[in-house]
Ligand SMILES: Cc1ncc(C[n+]2csc(CCOP(=O)(O)OP(=O)(O)O)c2C)c(N)n1
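Residue numbers (the working numbering): 13 to 505.
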């Protein structure tokens, strides 16, 4: 790839262990090199930018403290593993990031011995980690470390794993990468709880605290005592507003919050937890898009995922095409103006699923339930049981997780729920895990009572629309299109 910035420090890294020979100053410079590389490279190929800019220092600290691949570092979801990739395999792979035959946008076992799972669906990391740690207990003394975002922590699987890990006291190191965001601000009760800790321990709080410490120390004669008293007060405050109860009640040790841009603090803490026997959760505060002002300032999702763009202006390259998603967003808005019972549900993908205009116009009829597709579907069933007309907007690939809820909670009850499956069919860039194989035809085959129209269907229903599996086989939208599924009401709710 041409026009990439010079990266003399990064060029010297062949293995993550090379990081251990670097000084603190070199590490800080390396972090800047990596950020510049990511911005320039992703501006050409597209990819996940904001999440990766946020975890540069965190990734460096992890790879200095742990001995990968002897210690296994896992990334929940995996979209934030670009820095890990830069440290563990030839960098030229980035020239064909997310292209056929090129580097995957997620961890991939065929690319590197430092990758252990091919994920991309959120909230699975803790379960993988728990299984590996149990399996390695007898004959493999290495650590299992899993980095999970606060967004991924809204998914039910993450709680199932936490519950099990706490109960069994499985030796797992969980690093909670808390940037307060999924795509949009993370939704949920636990997030509010974490956010309280964030306000107390965010970098600005630490700076203020240091300034107060300095002020108190400089008061003649009694300075030291005042400083100690001030520190006790601050610790008390932290206990008050940052109770560890949630994780500790589940049986995990809780450490943090830690500033995700303080390399020394993170590295020291990661090394210390190796002495802790059981499961431990380290709460690290980061910022999505850190170090690139257009990403930091982007209100929608801090440039979570981008197509090719101009790194100076941060504007997309090429003219914007109207997508199925845009058309759907407009159509839903028009329908909602006509039908007051219509409500829309997303699992943390509001703007990506075209719900931006709807959410702005009807905030009281818009539900973002977090990365919780199973809950979204049964929640829609509950809404439908009260006479509302829910429209569930989920990427086709993520609905796979909720097929049981579709069949049992919606279909069996004959409820009037409409599913709009974005990116149905073959989707491309994100690789095999993102293909929309759960789209209309397949669901229709498994669940009674579906009507399955897709783009190209005729108004009279010929050409695919119908009950159950569409005539002529799979007629849902291929190639990243959109597929609407409608469960007809069987009885009045
Ligand atoms: C089951 C599932 N639903 C939705 C998504 C789409 N998705 C990818 S990343 C993401 C946000 C993840 O937030 P977080 O875990 O906090 O990581 P961050 O991007 O903030 O680093 C979402 C919703 C997904 N990958 N998997």
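Virtual Cβ for every residue (Gly too), placed ideally from N, Cα, C.
For residue i, which of helix, strand or coil comes out of DSSP?
i: residue 15; result: coil
i: residue 86; result: strand
i: residue 315; result: coil
i: residue 416; result: helix
i: residue 59; result: strand
i: residue 175; result: helix
i: residue 438; result: coil
i: residue 257; result: helix
i: residue 405; result: strand
i: residue 193; result: strand
i: residue 356; result: strand
i: residue 22; result: helix
i: residue 266; result: strand
i: residue 140; result: helix
Thinking just about the alpha-carbon of each residue, which of the options is nearest to the one in residue i?
i: residue 384; options: 162, 168, 60, 143; result: 168
i: residue 327; options: 45, 55, 80; result: 55
i: residue 334; options: 349, 366, 58, 361; result: 366
i: residue 374; options: 386, 355, 199, 390; result: 355
i: residue 364; options: 138, 316, 139; result: 316
i: residue 462; options: 98, 288, 426, 312; result: 426
i: residue 164; options: 180, 151, 178, 196; result: 196
i: residue 101; options: 117, 93, 82, 123; result: 123
i: residue 117; options: 125, 106, 72; result: 106
i: residue 399; options: 137, 305, 353, 360; result: 353
Output yes or no for whether 8 Å exceeds the beta carbon distance between residue i and residue j.
i: residue 64; j: residue 50; result: yes
i: residue 459; j: residue 419; result: yes
i: residue 86; j: residue 129; result: yes
i: residue 60; j: residue 91; result: yes
i: residue 184; j: residue 159; result: no
i: residue 434; j: residue 464; result: no
i: residue 132; j: residue 445; result: yes
i: residue 414; j: residue 377; result: no
i: residue 154; j: residue 84; result: yes
i: residue 340; j: residue 422; result: no
Which residues in the same chain as residue i place their Cβ atom closer than 7 Å to its Cβ, once the five residues preceding and following it in sequence are excluded?
i: residue 257; result: none
i: residue 18; result: none
i: residue 68; result: 43, 46, 47, 95
i: residue 182; result: 142, 145, 146, 291
i: residue 417; result: 386, 389, 390
i: residue 200; result: 166, 382
i: residue 301; result: 62, 65, 66, 307, 308, 310, 314, 315
i: residue 16; result: 49, 52, 53
Apart from the five residues on each side of it in sequence, which residues of its chain come closer than 8 Å, Cβ to Cβ, to residue i?
i: residue 337; result: 364, 365, 366, 434, 494
i: residue 320; result: 55, 56, 57, 58, 328, 329, 330
i: residue 149; result: 183
i: residue 189; result: 66, 67, 70, 92, 159, 160, 161, 162, 272, 296, 298
Under the criterion of a Cβ to heavy atom distance below 7 Å, does residue i qualify as lining ligand 2?
i: residue 363; result: With respect to ligand 2, the structure shown offers nothing to examine, as its ligands consist of ligand 1.
Leaving aside the five residues before and after residue i along the sequence, list all residues of the same chain whose C-beta is less than 6 Å from its C-beta, in chain order.
i: residue 156; result: 84, 141, 144, 145, 184
Should the stretch 23-38 be regarded as contacting the stretch 283-296, the criterion being three or more beta carbon pairs within less than 8 Å?
-> By the Cβ criterion, the stretch 23-38 is not in contact with the stretch 283-296, since fewer than three pairs of Cβ atoms, one from each stretch, lie closer than 8 Å.
With a cut-off of 8 Å, do at least 3 Cβ pairs link the stretch 161-177 to the stretch 267-282?
-> Contact annotation: the stretch 161-177 does not touch the stretch 267-282, with fewer than three C-beta pairs closer than 8 Å.
The stretch 338-349 contacting the stretch 370-381, beta-carbon criterion three pairs below 8 Å = Output reads yes: the stretch 370-381 touches the stretch 338-349.
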